[in-house]
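Undergrad:
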Amino acid sequence: MSSSDPTAAGLEHLESMSTLHPDLSEQYQNLVNLYQRKLWHQLTMSTLEFVSVPSVTLRTTSEGTSSYLVLFDKVILPVDKKLNQLSLARIASAVAFSLLDDPPYKDGVAARAILENLLEKKDRLGPSASLFAESRLGLLGLMLIARSGEALTTESSVKALEATKEAIDKNRLILAALADTESEVAVVHSAFYETAMTYRKAVGPPEAYYREAIQYVAYTSLSDLSEEDRYSLATDLSLAALTGEGVFNFGEVVAAPALQCLEGTDLHYLVELLAAGSRGDVIGFQRVADANAAAIQLQPSLVSRAAAVKEKITLLALVNMVFERPSLERTLSFEDISDRVGVPIDQVEWVIMRALSLNLIKGTMDQVDQTVDVTWVMPRVLDNKQMSELATRFGEWAVKVSKTRDYMLEHTGALLNQ
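Position 75, counted from 1, in the sequence shown is what my numbering calls 75; the numbers after and before it change by one each time, with no gaps.
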């Protein structure tokens with residue numbers, strides 16, 4: 001092999017690491033084989049898999065340097081033009097975050113440099129890989145701020161947060177333009193929404209965090225997250241749904257697999273609160289709240305927004321009351337509403353006006369007769385019980401349609417002969 005061959009140093013490094021760390025010899029020899037045979041796709045996938053488990057494969061070189069960093073510099077970069085660019089960005093991200101997370105290599109400057117240098121080749125990377133790399137760079141910056149212990153109000157933190165927000169706003173437009181058919185598009189979406197979610201967790205408000213987090217959950221395999229990260233995500237998502245302004249689709253959260261990790265924990269009451277809210281069960285919600293009063297006091301967001309949460313559950317009770325009625329029986333009396341949502345009858349008008357103003361329902365209210373005629377109710381995710389009730393209603397509707405058809409067939413002839 002010629003000494004000018006850019007892959008020579010890479011092969012030499014892989015062979016030396018195979019000798020230095022015998023327990024990883026099989027993985028390194030596999031990379032050697034793929035590198036020599038110029039099987040770039042297989043090399044990319046094997047390298048990505050290798051650097052995705054730092055707890056198993058991250059070691060030091062004979063010089064005491066991060067094995068991932070040297071692998072990236074000597075093996076991957078010399079052939080980076082031949083690799084799938086999104087996979088290249090994912091490898092670069094894994095290497096960068098290994099420098100941030102794993103001692104003794106903790107080096108935020110070097111971690112940032114890997115992604116910044118990669119982004120200097122944006123024209124070659126293409127929109128997907130560039131968006132992924134920028135998103136991961138933004139997330140890395142947010143993590144560095146959090147770990148520094150520096151207040152978010154300091155000049156440096158404010159500038160960093162503003163730059164992150166600008167990047168998120170810009171990349172959101174690019175993300176929307178990406179074709180759904182692009183390979184590994186979920187990976188790009190996941191990276192974008194993780195950064196946006198982390199930014200909103202830092203600066204708020206909860207409803208903005210909720211919107212980003214629910215998208216992150218949709219594009220991310222929970223098996224890729226650590227147990228600690230799943231627990232934190234489930235907790236934050238639950239609190240944001242309960243306290244976020246304008247967040248009423250609790251069924252969307254309750255159905256999310258992410259919440260399953262709260263089963264059997266001290267925070268499972270959050271799932272129970274969400275489930276009761278999704279059903280519009282005011283009494284059930286209050287029962288769970290009373291039984292977990294001490295734990296709720298430990299959640300500042302629930303304490304500070306207690307009145308808003310109570311209003312939200314009241315409105316959801318009205319929404320569910322409407323949904324449970326057949327479409328032709330949606331003229332509700334104030335008295336029935338008072339009984340269902342748990343407010344005095346003199347406050348029912350305010351509840352209706354609030355629901356109308358938030359577009360939770362549409363219709364007209366008659367203050368004289370003390371009724372409201374509802375013509376539309378907000379769409380939302382239903383649980384199994386609600387789906388069963390809806391199926392029953394469709395069945396009843398189908399029977400009525402069938403009877404109407406039979407009647408028309410029976411009497412059409414008589415009508416035409418008159």
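Every residue, glycine too, gets a C-beta built ideally from N, C-alpha and C.
Please read all numbers here as calculations on a predicted model, not as lab measurements.
Secondary structure at T220, three-state DSSP: helix, strand or coil?
TA: The answer is coil: DSSP assigns T220 none of H, G, I, E or B.
Undergrad: Please name the residue, chosen from Y269, L316, S333, R279, that lies closest to A295 on a Cα-to-Cα basis.
TA: Of the listed residues, the one whose Cα sits closest to A295 is Y269.
Undergrad: Can you tell me whether D290 is helix, strand or coil according to DSSP?
TA: Three-state result, D290: helix.
Undergrad: I'd like to check one pair, E311 with R340: are the Cβ atoms closer than 9 Å?
TA: Not a contact, by the Cβ cut-off of 9 Å.
Undergrad: May I ask which residues mark the beginning and end of the beta strand (DSSP E) holding S66?
TA: Counting along the chain, S66 falls outside any beta strand (DSSP E), and DSSP gives it neither H nor E.
Undergrad: In terms of residue numbering, what span does the beta strand (DSSP E) encompassing K362 cover?
TA: 361-366 is the span of the beta strand (DSSP E), which, as asked, contains K362.
Undergrad: Using CA coordinates, which residue listed in T44, P206, L115, L99 is at the minimum distance from D80?
TA: Minimum Cα distance to D80 is reached at T44.
Undergrad: Check whether the Cβ atoms of A258 and L298 lie closer than 9 Å to each other.
TA: No, these two residues do not count as a Cβ contact at 9 Å.
Undergrad: How should N117 be labelled, buried or exposed, when 16 other C-beta atoms within 10 angstroms of its C-beta is the threshold for buried?
TA: Counting Cβ neighbours within 10 Å, N117 comes out exposed, since fewer than 16 surround it.
Undergrad: Let me confirm a value: M17 is counted as buried when at least 16 other C-beta atoms fall within 10 Å, else exposed. Which label applies?
TA: Buried: at least 16 other Cβ atoms inside 10 Å.
Undergrad: Is the distance from the Cβ of D366 to the Cβ of R330 below 9 Å?
TA: Cβ distance not < 9 Å, so D366 and R330 don't count as in contact.
Undergrad: L356 to M378, Cα distance in whole Å?
TA: So the alpha carbons of these two residues sit roughly 11 Å apart.
Undergrad: Go ahead and pull the three-state DSSP assignment for T181.
TA: In this prediction, T181 has a pLDDT of 48, which is less than 50 and means its spatial position is unreliable; nothing more can be read from the coordinates.
Undergrad: DSSP state of S2, grouped into three classes?
TA: Residue placement at S2 is flagged as unreliable, the pLDDT there being 47, under the threshold of 50; the coordinate-derived value follows with that caveat. S2 falls in the coil class under three-state DSSP.
Undergrad: Considering only C-alpha positions, which residue in the set T314, I91, A208 is nearest to A129?
TA: The option with the nearest alpha carbon to A129 is I91.
Undergrad: Give the straight-line distance between the Cα atoms of R200 and L237, rounded to the nearest whole angstrom.
TA: Going from the Cα of R200 to the Cα of L237 covers about 12 Å.
Undergrad: Considering only DSSP beta bridges, list what D373 is partnered with.
TA: T331, T364.
Undergrad: Quick one, which of D281, E227, N249, G277 has its alpha-carbon nearest E263's?
TA: For E263, the nearest C-alpha among the options comes from E227.
Undergrad: Between V188 and the rest of its own chain, which residues show a CB-CB distance below 6 Å, the 5 nearest in sequence each way excluded?
TA: Here the set comprises S128, L131, F132.
Undergrad: Excluding five sequence neighbours on each side, which residues of the same chain lie with their C-beta closer than 8 Å to the C-beta of G363?
TA: The answer, listed in chain order, is R330, L356, V372, D373, V374, T375, W376.
Undergrad: Out of L178, L161, S223, state which residue places its alpha-carbon closest to the alpha-carbon of G204.
TA: Among L178, L161, S223, the Cα nearest to that of G204 belongs to L161.
Undergrad: With 16 as the cutoff for other CB atoms within 10 Å, does Q36 come out buried or exposed?
TA: Result: exposed.
Undergrad: Let's test the definition: count the other Cβ atoms within 10 Å of the Cβ of P54 and tell me whether it reaches 16, buried, or not, exposed.
TA: Burial call: buried.
Undergrad: Output the distance between the C-alpha atoms of E12 and P300, rounded to the nearest integer angstrom.
TA: Going from the Cα of E12 to the Cα of P300 covers about 56 Å.
Undergrad: When burial is assigned at 16 or more other CB atoms within 10 Å of the CB, is K82 buried or exposed?
TA: K82 should be labelled exposed.
Undergrad: Report all residues from its chain with a CB closer than 8 Å to the CB of S2; omit the five preceding and five following residues, and keep chain order.
TA: Confidence at S2 is low in this model, with a pLDDT of 47, below 50, so the placement of that residue should be treated as unreliable; the coordinate-derived value is given next. Excluding sequence neighbours, S2 sits near A8.
Undergrad: Of all the options C261, G108, T265, S157, which has the alpha carbon lying nearest to the alpha carbon of L225?
TA: It is C261 whose Cα lies nearest to the Cα of L225.
Undergrad: Quick check on this structure: which residue in L315, L242, V271 has the alpha carbon closest to the alpha carbon of V303?
TA: Comparing Cα positions, the closest option is L242.
Undergrad: Using alpha carbons as the reference points, say which of S157, L39, Q215, E245 lies closest to E207.
TA: When each option's Cα is compared against that of E207, the closest is E245.
Undergrad: Indicate the three-state DSSP secondary structure (helix, strand or coil) for M378 in the structure shown.
TA: In this structure, M378 counts as coil in the three-state DSSP scheme.
Undergrad: Less than 9 Å between the beta carbons of L274 and F248, yes or no?
TA: Not in contact: L274 and F248 (Cβ atoms no closer than 9 Å).
Undergrad: Evaluate A293 with the Cβ neighbour count: other Cβ atoms within 10 Å of its Cβ, from every protein chain shown; 16 or more gives buried, anything less gives exposed.
TA: Exposed, since its Cβ has fewer than 16 Cβ neighbours within 10 Å.
Undergrad: Looking at the secondary structure, which residues open and close the alpha helix (DSSP H) in which H13 lies?
TA: Per DSSP, H13 belongs to the alpha helix (DSSP H) from 8-20.
Undergrad: Roughly how many angstroms separate the alpha carbons of L175 and L140, rounded to a whole number?
TA: Computed Cα separation, rounded: 19 Å.
Undergrad: For L205, which three-state DSSP category applies?
TA: Inspection of the sequence shows that residue 205 is occupied by Pro rather than by Leu. Three-state result, P205: coil.
Undergrad: Check for me: the alpha helix (DSSP H) holding R279 runs from which residue to which?
TA: From DSSP, the alpha helix (DSSP H) with R279 extends over 268-279.
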